[in-house]
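Chemist: Numbering-wise (UniProt numbering), the sequence shown opens with residue 1 and increments by one. Ideal Cβ positions, reconstructed from N, Cα and C, are used throughout, including at glycine. Here the structure is a predicted model, which is why all the values come from computation and not from measurement. Take a look at the following structure, please.
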Amino acid sequence: MESKLKHLEFIQNVITRMNSNSFLIKGWAITLISALFALAAKDANIQYVLITYIVIPIFWMLDGFFISQERQYRKLYEEVCLKRESEIDFSMNASKFSSGRNSWSSGILSKTLFPFYGITVAVTVIVMFFIGG
1 MESKLKHLEF IQNVITRMNS NSFLIKGWAI TLISALFALA AKDANIQYVL
51 ITYIVIPIFW MLDGFFISQE RQYRKLYEEV CLKRESEIDF SMNASKFSSG
101 RNSWSSGILS KTLFPFYGIT VAVTVIVMFF IGG
């Protein structure tokens, strides 16, 4: 039973790391977007706001990658939970779970990321309207 618990612990550490990375990506996205808004407001220069249309999709795709990886490792965790002690091989390969709900595109459009980045796009449009108007 000790091998199985250790394997599950390894997988849980990866899940935690992916979750932390996703959280950090959101923080960096908001920080960078806010800085661009501040520069745009200071100089009344709409070009700074236009840069956010590059920044948001990049962070959104990167965050979607971490969400999809986390989902894949959650599936691996579930699979290892069902194995017997003698079947534990300490494999950390979760790529076999990379289709369907665990795909990168599904991660990008997840119910947690779509509202977050959708709102940032909407706020960018509003800021652009006020600065350009």
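Quick check: isoleucine 67 and serine 22, are their CB atoms within less than 8 Å of each other?
Modeler: yes
Chemist: So, helix, strand or coil for lysine 75, using DSSP?
Modeler: Three-state result, lysine 75: helix.
Chemist: With a cut-off of 8 Å on the beta carbons, I'd call isoleucine 56 and alanine 29 a contact; round off their distance for me.
Modeler: 7 Å
Chemist: Quick check on DSSP: helix, strand or coil for lysine 34?
Modeler: Just to set this straight, residue 34 is serine in the shown sequence, not lysine. It is helical.
Chemist: Would the region 75 to 91 count as touching the region 31 to 48 if we require 3 or more Cβ pairs under 8 Å?
Modeler: no
Chemist: Got a sec? Which residues, its chain only, sit under 6 Å from histidine 7 by beta carbon, not counting five neighbours each side?
Modeler: Val80, Ile88, Phe90
Chemist: Quick one: Cα of lysine 111 to Cα of glutamate 2, how far?
Modeler: C-alpha separation (whole angstroms): 36 Å.
Chemist: Measure the alpha-carbon distance for alanine 122 versus phenylalanine 65 and round it to whole angstroms.
Modeler: 22 Å
Chemist: Please state whether the Cβ-Cβ distance between isoleucine 119 and tyrosine 73 is less than 8 Å.
Modeler: Between isoleucine 119 and tyrosine 73, the gap from beta carbon to beta carbon reaches 8 Å or more.
Chemist: Roughly how many angstroms lie between the CA atoms of aspartate 43 and serine 103, to the nearest whole one?
Modeler: So the two alpha carbons sit approximately 41 Å from each other.
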